[in-house]
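A short write-up of the structure that comes next.
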Amino acid sequence: MPRKPKSPCRWSGCKELTEERYCKKHKKLAEKQYDKYQRDPQTYKRYNSRWRLIRQLYIKEHPVCEVCEKKGIVKAVEEVHHIIPLSKGGTHSDDNLMSLCKSCHSKITAKEGGRWSKNYKKIHQATESE
200 MPRKPKSPCR
210 WSGCKELTEE
220 RYCKKHKKLA
230 EKQYDKYQRD
240 PQTYKRYNSR
250 WRLIRQLYIK
260 EHPVCEVCEK
270 KGIVKAVEEV
280 HHIIPLSKGG
290 THSDDNLMSL
300 CKSCHSKITA
310 KEGGRWSKNY
320 KKIHQATESE
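Numbering (my numbering), first residue to last: 200 to 329.
Here it is as structure tokens:
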């Protein structure tokens with residue numbers, strides 16, 4: 200199957216062509232910048248080494264995207280999703296987790312008002328004031 204054409208790295212001034220948002224040189228810098236300036240500091244407390252172990256074990260038990268599997272599509276897991284977010288009282292228990300591919304996880308997160316949603320700030324501010 201043909202791949203989409205490479206596009207320039209989104210890092211200001213970089214002309215390197217890449218299949219992702221950033222070239223290899225700037226990918227870590229962009230993630231570091233996001234972690235420092237945009238990510239909630241509480242996230243580090245919630246997603247620690249214990250979470251990484253739980254995630255790894257959950258992926259071993261559920262290696263296929265649960266949403267795609269219901270549609271009859273077999274797609275490998277890339278993300279583990281909390282049905283009830285930790286910020287809203289959810290836990291790392293198996294009944295609160297879903298194995299998802301990246302596209303399904305992005306769709307669910309956007310619908311819930313996650314960071315990819317255009318209305319994220321409005322929704323986030325409204326839930327904080329409640």
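Don't be surprised by glycine CBs; every beta carbon is placed ideally from N, CA and C.
Check	Outcome
Burial state of residue 298 (16 or more Cβ within 10 Å)	buried
Sequence-distant residues of the same chain with beta carbon closer than 8 Å to residue 276, five excluded per side	258, 261, 262, 263, 264, 298, 299, 300
Option nearest residue 305 by Cα separation, candidates 285, 229, 278	278
Assigned secondary structure, residue 215 (DSSP; H/G/I helix, E/B strand, else coil)	coil
Inter-residue spacing [alpha-carbon to alpha-carbon] between residue 316 and residue 266	Reliability of the predicted coordinates at residue 316 is poor, the pLDDT of 45 falling under 50, and no value is obtained from them.
Same chain, Cβ closer than 8 Å to residue 289, neighbours up to 5 away in sequence not counted	281, 282, 283, 295
Reduced DSSP category for residue 279 - H, G, I as helix; E, B as strand; rest coil	strand
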